[in-house]
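Visitor: My questions all concern the structure below.
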Amino acid sequence: MRENDEVAAAAYDLVLAGGQIANADGTFPGTVAIQDGRIAAVWHADAIPDLIEATEVLDCSGRWVIPGGVDPHVHVGITFGDVQTPEDHLRCSRAALLGGTTTIVDFAIGRPDQSPLAAVDERLAGAREGSLADYALHGCYTDRDAEQLDQIPDLVDRGVRTIKVYTTYREQMMASDGLVRSIMERLMGFDGMTYVHAEDNSTIETLMAQLAGQGPIPYDKIRVARPEAAEVRAVRHVLEIAADVGAPVYFVHQSTPVASQLTRMARARGQLAYSEVCPHYVTLDESVYDAHAGECYTCCPPLRNKATVESLMRAVAAGHVDTIGSDHCAFGAAIKLERKHDLTRMPFGMPGVQTRVPLMLSELVCKRDVSMSTVVSLLSTNPARLCGLYPRKGVIAAGADADLLVWSPEGESTLTAAGLAHDSDYTPFEGWRVQGSLSTVIRRGTVMCRDGALVDDSPGQLLASGPISHTGPVALPGRQLSA
Ligand SMILES: [Zn+2]
12 MRENDEVAAA
22 AYDLVLAGGQ
32 IANADGTFPG
42 TVAIQDGRIA
52 AVWHADAIPD
62 LIEATEVLDC
72 SGRWVIPGGV
82 DPHVHVGITF
92 GDVQTPEDHL
102 RCSRAALLGG
112 TTTIVDFAIG
122 RPDQSPLAAV
132 DERLAGAREG
142 SLADYALHGC
152 YTDRDAEQLD
162 QIPDLVDRGV
172 RTIKVYTTYR
182 EQMMASDGLV
192 RSIMERLMGF
202 DGMTYVHAED
212 NSTIETLMAQ
222 LAGQGPIPYD
232 KIRVARPEAA
242 EVRAVRHVLE
252 IAADVGAPVY
262 FVHQSTPVAS
272 QLTRMARARG
282 QLAYSEVCPH
292 YVTLDESVYD
302 AHAGECYTCC
312 PPLRNKATVE
322 SLMRAVAAGH
332 VDTIGSDHCA
342 FGAAIKLERK
352 HDLTRMPFGM
362 PGVQTRVPLM
372 LSELVCKRDV
382 SMSTVVSLLS
392 TNPARLCGLY
402 PRKGVIAAGA
412 DADLLVWSPE
422 GESTLTAAGL
432 AHDSDYTPFE
442 GWRVQGSLST
452 VIRRGTVMCR
462 DGALVDDSPG
472 QLLASGPISH
482 TGPVALPGRQ
492 LSA
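If you're matching positions, the sequence shown starts at 12 in the numbering used here and goes up one per residue.
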């Protein structure tokens, strides 16, 4: 051990000692050493050098050390129709970090007068100025942009290799089948991937027209106007297009087990198809629309009935979906209230960037006994892979960015809007009991949060997405993992 001791005597910036380390492919007791923002060494508990010099040592005994959260679905300061949330990158990323998310992936959804590339440049400028979390971006194309496909190589140059399309919201965000196909084809040349908001527009338009016959449509009719069948129909249709093209496809916010299963079955047939769910679709059911402030829960797709929610949660717990994204949209309660009588003017979406990691650790690890590896894959490793950020993000291994969370299943807290830093005056999870406690959040080697307080305001980095990895997490080499 003499030689190893000498190697280890090099001083590290920070050492996380004696925790239970979790990656997507397994867990083991060990110690992590950090230098210059990266993980320099990972030792199994029975192979730790006698002497490790470090500027700071955090005792992690009795706690989990897991990769920092990667949220693949965040809308920083979203504009929806004529409503814009006042949230900026600073406030959104602060909330993300406090909730254990060290990397956020935002969407560059252009204004009507803006090209996809201009929207990307504007978003990147905002993030460069204000994001404390590391930051990556998805592009977005609508039918308005159908003549702008030549911008795709420029998006890739800017580090944007994933493009979102909507199959609904005609005349605002919708992309025709032809455009979806063209984007899939072009992105394949860059090992990129198309992200799809799948709800069948004609079904929704028909139902909305029927409802409108009786005057303005109140918000709680969202359940009738955007049924599960509309989502399932669109997923089936887009899977066929993707199969035709031979392109990978990622479905954002799947809200029904049937839609998610269709995706999984496509994968079993050899298609590269992925399913994202959101915390609210596996914890909240449509009965909230009948409760006080029910309009605050309007999102697309809407919350589903109890049986659907439970069934989707079982699929998540079984590891049958790929990622959990927040679909964070920081609308306030006032604008929701003001428009509760007119579904056509309602801004859809709910805040969730700060609650995603703590709530899912509580629900899955503490309450449903799901393995920590499965939860890590859903909250960090798979989002990193499918956003082109792996293995820099999403794994605890020598050479990866030192984005780490120290979390214990002990302790309990109650979620309240007042206790959250996110830029909205409500949370859909008001009053929820959350088991576990997140004591430390480390972003590229810097301790950003301790015991629930932000303790550093150094800037995050803009991340360029690389080719999307479809091969699953790379197995870690042996036990001695130092570089
Ligand atoms: Zn979204």
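No residue lacks a Cβ here, since even glycine has one placed at the ideal position from N, Cα and C.
The model shown is predicted, which means the values in this text are computed figures rather than measured ones.
How about Pro123 and Val406: do their beta carbons lie closer than 8 Å?
Guide: Locating residue 123 in the sequence shown gives position 112, counting from the first residue. Locating residue 406 in the sequence shown gives position 395, counting from the first residue. No.
Visitor: So for Gly150, helix, strand or coil by DSSP?
Guide: Within the sequence shown, numbered from 1, the residue matching residue 150 stands at position 139. Strand at Gly150.
Visitor: So, are the CB atoms of Thr205 and Ile215 less than 8 Å apart?
Guide: On the sequence shown, residue 205 is found 194 positions in, with the first residue counted as 1. On the sequence shown, residue 215 is found 204 positions in, with the first residue counted as 1. No, the pair does not count as a contact, with Cβ atoms beyond the cut-off.
Visitor: Determine the DSSP secondary structure at Met276, reduced to helix, strand or coil.
Guide: The sequence position of residue 276 within the sequence shown is 265, counting from 1. Looking at Met276 - three-state DSSP - the assignment turns out to be helix.
Visitor: Here's the rule I'm using: 16 or more other beta-carbon atoms within 10 Å means buried, otherwise exposed. How should Arg325 be labelled?
Guide: The residue given as residue 325 occupies position 314 in the sequence shown. With fewer than 16 Cβ atoms within 10 Å of its Cβ, Arg325 is classed as exposed.
Visitor: Any heavy atom of ligand 1 within a distance shorter than 7 Å of the CB on His86?
Guide: Walking along the sequence shown from the start, residue 86 turns up at place 75. Yes, Cβ of His86 sits closer than 7 Å to a heavy atom of ligand 1.
Visitor: Look at the alpha carbon of Lys310 and the alpha carbon of Met361, and state the distance between them as a whole number of angstroms.
Guide: Position 299 of the sequence shown, counted from the first residue, corresponds to residue 310. Position 350 of the sequence shown, counted from the first residue, corresponds to residue 361. The sequence given here has Cys at residue 310, not Lys. The alpha-carbon atoms of Cys310 and Met361 are separated by roughly 7 Å.
Visitor: Would Pro488 be called buried (16 or more neighbouring beta carbons within 10 Å of its own) or exposed?
Guide: Numbered from 1 along the sequence shown, position 477 holds the residue referred to as residue 488. Residue confidence for Pro488 is low, a pLDDT of 32 falling below 50, so the modelled location carries little weight and cannot support an answer.
Visitor: Is any heavy atom in ligand 1 found nearer than 7 Å to the beta carbon of Gly117?
Guide: As a first step, residue 117 is located in the sequence shown; it is residue number 106 there, counting from the start. This sequence places Asp at residue 117; Gly is not what is there. No - ligand 1 has no heavy atom lying nearer than 7 Å to the Cβ of Asp117.
Visitor: So, for Asp412: in the same chain, excluding its five sequence neighbours on each side, which residues have a beta-carbon less than 7 Å away from its beta-carbon?
Guide: Taking the sequence shown and counting its residues from 1, the one referred to as residue 412 is at position 401. Closer than 7 Å at Cβ, skipping near neighbours: Gly48, Arg49, Arg403, Lys404, Arg455.
Visitor: Measuring CB to CB, does Ser476 end up less than 8 Å from Leu400?
Guide: Indexing the sequence shown from 1 puts residue 476 at position 465. Indexing the sequence shown from 1 puts residue 400 at position 389. For Ser476 and Leu400, yes; Cβs fall inside 8 Å.
Visitor: What is the DSSP secondary structure of Cys460, counted as helix, strand or coil?
Guide: Here residue 460 refers to the residue found at position 449 of the sequence shown. Strand, per DSSP.
Visitor: Going by DSSP, what residues sit across from Lys351 in a beta bridge?
Guide: Within the sequence shown, numbered from 1, the residue matching residue 351 stands at position 340. Answer by DSSP bridge pairing: none, since Lys351 is not bridged.
Visitor: Return the CA-CA distance between Gly110 and Pro127, expressed in angstroms with no decimal places.
Guide: Sequence index remark: in the sequence shown, residue 110 carries index 99 (1-based). Sequence index remark: in the sequence shown, residue 127 carries index 116 (1-based). Distance between the alpha carbons of Gly110 and Pro127 is about 30 Å.
Visitor: For Pro164, which three-state DSSP category applies?
Guide: As a working mapping, residue 164 is identified with position 153 in the sequence shown. Helix, per DSSP.
Visitor: For ligand 1, any of its heavy atoms closer than 7 Å to the Cβ of Val263?
Guide: By 1-based counting over the sequence shown, the position of residue 263 is 252. Indeed, a heavy atom of ligand 1 lies less than 7 Å from the Cβ.
Visitor: Are the CB atoms of Thr438 and Pro83 within a distance shorter than 8 Å?
Guide: Counting from 1 along the sequence shown, the entry for residue 83 is found at position 72. Counting from 1 along the sequence shown, the entry for residue 438 is found at position 427. Taking 8 Å as the Cβ cut-off, Pro83 and Thr438 do not qualify as a contacting pair.
Visitor: Is Asp82 close to ligand 1? I mean its beta-carbon at under 7 Å from any heavy atom of the ligand.
Guide: Position 71 of the sequence shown, counted from the first residue, corresponds to residue 82. Outside the cutoff, so no.
Visitor: How do the stretch 434-448 and the stretch 51-66 stand: do at least 3 beta-carbon pairs fall below 8 Å, yes or no?
Guide: The stretch 434-448 vs the stretch 51-66: no contact.
Visitor: Return helix, strand or coil for Glu441, following the three-state DSSP convention.
Guide: Within the sequence shown, the letter at position 430 stands for residue 441. Looking at Glu441 - three-state DSSP - the assignment turns out to be coil, as it is neither helix nor strand.
Visitor: Note the first and the last residue of the continuous beta strand (DSSP E) segment covering Tyr292.
Guide: Taking the first residue of the sequence shown as 1, we reach residue 292 at position 281. Element bounds for Tyr292: not the beta strand (DSSP E) but the alpha helix (DSSP H), 290-294.
Visitor: Examine ligand 1 and report whether any of its heavy atoms sits within less than 7 Å of the Cβ of Asp467.
Guide: Within the sequence shown, numbered from 1, the residue matching residue 467 stands at position 456. No, the beta carbon of Asp467 sits no closer than 7 Å to any heavy atom of ligand 1.
Visitor: Do Ser450 and Asp462 count as a contact pair if the criterion is CB distance below 8 Å?
Guide: By one-based count along the sequence shown, residue 462 stands at place 451. By one-based count along the sequence shown, residue 450 stands at place 439. Yes, they are a contact pair.
Visitor: When DSSP labels each residue in this structure, what does Cys340 get in the three-state scheme?
Guide: Against the sequence shown, residue 340 aligns to sequence position 329. Reduced to three states, the DSSP call for Cys340 is strand.
Visitor: Run through DSSP, which three-state label would Ala475 get?
Guide: Within the sequence shown, numbered from 1, the residue matching residue 475 stands at position 464. If DSSP states are grouped into helix, strand and coil, Ala475 belongs with coil.
Visitor: So is the beta-carbon of Thr338 under 7 Å away from any non-hydrogen atom of ligand 1?
Guide: Taking the first residue of the sequence shown as 1, we reach residue 338 at position 327. Per the sequence shown, the amino acid found at residue 338 is Asp instead of Thr. Yes, ligand 1 has a heavy atom inside 7 Å of this Cβ.
Visitor: Taking only the alpha-carbon atoms, compute the straight-line gap between Thr392 and Ala223 and give it to the nearest angstrom.
Guide: In the sequence shown, the residue the question calls residue 392 occupies position 381. In the sequence shown, the residue the question calls residue 223 occupies position 212. Roughly 44 Å separates the two Cα atoms.
Visitor: Note down the Cα distance separating Gln265 from Glu287, rounded to an integer number of angstroms.
Guide: Mapped onto the sequence shown, residue 265 falls at position 254. Mapped onto the sequence shown, residue 287 falls at position 276. Rounded to whole angstroms, Gln265 to Glu287 spans 6 Å at the Cα level.
Visitor: For the beta strand (DSSP E) that Lys175 lies in, which residues bound it at each end?
Guide: Taking the first residue of the sequence shown as 1, we reach residue 175 at position 164. Segment 173-177, the beta strand (DSSP E) holding Lys175.
Visitor: Mind reading off the beta-carbon distance from Arg315 to Tyr292? Whole number of angstroms is fine, and I expect it under 8 Å.
Guide: In the sequence shown, counting from the first residue as 1, residue 315 sits at position 304. In the sequence shown, counting from the first residue as 1, residue 292 sits at position 281. Arg315 to Tyr292, Cβ: 7 Å. Contact.
Visitor: So, at 8 Å on beta carbons, what are the nonlocal neighbours of Pro40 in its own chain, with the 5 sequence-adjacent residues on each side left out?
Guide: Walking along the sequence shown from the start, residue 40 turns up at place 29. Excluding positions up to five away in sequence, the list reads Gly29, Gly30, Gln31, Ile32, His55, Ala56.
Visitor: Buried or exposed for Gly88, going by 16 or more other Cβ atoms inside 10 Å?
Guide: By one-based count along the sequence shown, residue 88 stands at place 77. It counts as buried.
Visitor: Does any C-beta atom of chain B lie closer than 8 Å to the C-beta of Asp467?
Guide: Protein chains in the displayed structure number just one, and chain B is not present.
Visitor: Using a 10 Å radius around the Cβ and a threshold of 16 neighbouring Cβ atoms, would you call Ser104 buried or exposed?
Guide: On the sequence shown, residue 104 is found 93 positions in, with the first residue counted as 1. Classification of Ser104: buried, given that the 10 Å Cβ count is 16 or more.
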